[in-house]
Amino acid sequence: MNRQTVIITGVGGFLGYHLANYLDNLGYNVIGVGRIKMRTINEVYNVSLPDQKLVDILKIAQPDVVIHCAGSSSVPDSIIEPYYDFQKNVDVCGFILESIRKYSRSCQFIYLSSAAVYGNPASIPIKESDRCQPISPYGYHKLMCEMLIKEYQEIYNLQSTIFRIFSAYGEGLKKQVVYDLCQKLTSQDKVIEVYGNGSESRDFIHVSDICRAIELVIKKEITGTFNLATSEEVSISTLVTLLKTYLRSSADIQYIGKTRKGDPSQWKADTTKLKDYGFKPRMTLEQGLKKYCKWYLGGTHI
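All residue numbers for the sequence shown refer to UniProt numbering, where the first residue is 1 and numbers rise by one.
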């Protein structure tokens with residue numbers, strides 16, 4: 001089998017960084033695009049998208065696969081600066097799609113979307129066919145990107161795969177609920193405040209399983225839209241209890257009742273569609289959180 005060339009945007013971000021290392025270790029010819037110098041892959045371009053340099057990279061590399069990991073990824077930030085979030089997500093996605101249409105039309109395009117497109121679901125588990133009702137600018141912009149991809153797929157025959165990723169976590173992540181709780185639990189505060197009442201739930205998936213799922217669709221040339229999660233509903237109170245144990249925290253927890261704008265109440269994915277292609281997550285939440293806490297306590301998050 002010929003060595004496949006894969007371009008990864010957002011290689012300086014959490015998912016892009018892990019994915020670049022993972023695919024490089026498997027023998028893919030990985031080309032990184034983003035604001036970072038990586039020691040583990042040979043070819044990285046320090047480019048902040050949208051940038052015409054991407055066109056030159058596409059022309060020369062003629063990649064088999066383009067994986068779009070770049071973009072804003074914060075719900076709270078999107079509420080504060082919605083237009084900036086639009087630019088970093090929708091504008092950049094459109095620029096990449098048009099560049100591929102002109103200069104590398106035969107490649108497979110993989111987009112990392114988000115469960116934020118669903119908003120507060122009417123029921124769980126959530127299927128890919130369920131209605132999308134975003135409750136944040138970030139969710140709306142992710143859905144707009146999906147619509148752009150569908151446009152290029154239907155009109156220009158772009159081979160595309162969309163992953164609606166639920167609550168991703170893993171070593172190196174320095175934002176979102178797991179990281180925020182670790183910061184609070186390792187502070188000097190004897191009592192820490194947590195949003196909600198503890199019954200809110202998420203469907204967590206470790207970054208290593210996300211990488212495995214992406215490699216599967218590359219290998220099998222799978223197209224379509226897929227939920228990417230473990231299909232296990234975990235309450236925030238359960239998450240807090242596990243983190244307290246692994247961090248050896250003695251802090252008392254006070255649930256303050258109010259929730260943040262843009263945060264859904266319950267999330268659990270129906271992952272049957274991806275499972276039918278042979279994908280099954282390997283990392284349990286307990287295993288993943290132990291690894292994360294070990295990384296966090298090691299001080300490399302500072």
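The beta carbon of each residue, even a glycine, is placed where N, CA and C say it ideally should be.
Count the other CB atoms within 10 Å of the CB of residue i; is the residue buried (16 or more) or exposed (fewer)?
i, result
"Thr161", "buried"
"Thr230", "buried"
"Arg3", "exposed"
"Asp203", "buried"
"Asn157", "exposed"
In the DSSP assignment, what residue or residues form a beta bridge with residue i?
i, result
"Ser201", "Ser235"
"Gln108", "Val65, Gln159"
"Asn227", "Arg164"
"Gly119", "Gln133"
"Ala269", "Ile126"
"residue 304", "The chain is shown from 1 up to 302; residue 304 falls before or after that span and cannot be answered."
"Ser114", "Ile165"
"Thr5", "Asn29"
"Gln254", "Glu193"
"His206", "Tyr169"
Roughly how many angstroms separate the alpha carbons of residue i and residue j, rounded to a whole number?
i, j, result
"Lys150", "Glu43", "30 Å"
"Ile302", "Ile218", "Low confidence applies here, because Ile302 scores a pLDDT of 44, under 50, leaving its location unreliable; read the following figure in that light. Near 34 Å, if we compare the C-alpha coordinates of Ile218 and Ile302."
"Lys127", "Val11", "29 Å"
"residue 382", "Ala251", "Coverage of the chain is limited to positions 1 through 302, which leaves residue 382 absent and any answer about it impossible."
"Gly94", "Gln87", "10 Å"
"residue 357", "Ile192", "This structure leaves residue 357 out entirely; the chain is present only between 1 and 302."
"Gly34", "Val92", "13 Å"
"Ile205", "Lys290", "14 Å"
"Val194", "Asn120", "20 Å"
"residue 306", "Ile214", "Outside the displayed range of the chain (1 to 302) lies residue 306, so it cannot be described from this structure."
Assuming residue i and residue j make a contact with CB atoms under 8 Å, what is their CB distance in whole Å?
i, j, result
"Asn197", "Gly257", "6 Å"
"Gly32", "Ile67", "Their Cβ separation, rounded to whole angstroms, is 10 Å, which puts Gly32 and Ile67 out of contact at 8 Å."
"Ser199", "Ser167", "Incorrect: roughly 16 Å between the Cβ atoms, too far for contact."
Below 8 Å, can you find three or more Cβ-Cβ pairs linking the segment 71–88 to the segment 21–38?
No: fewer than three Cβ pairs fall under 8 Å.
Is the segment 143–157 in contact with the segment 105–116, if contact means three or more CB pairs nearer than 8 Å?
Yes, the segment 143–157 is in contact with the segment 105–116.
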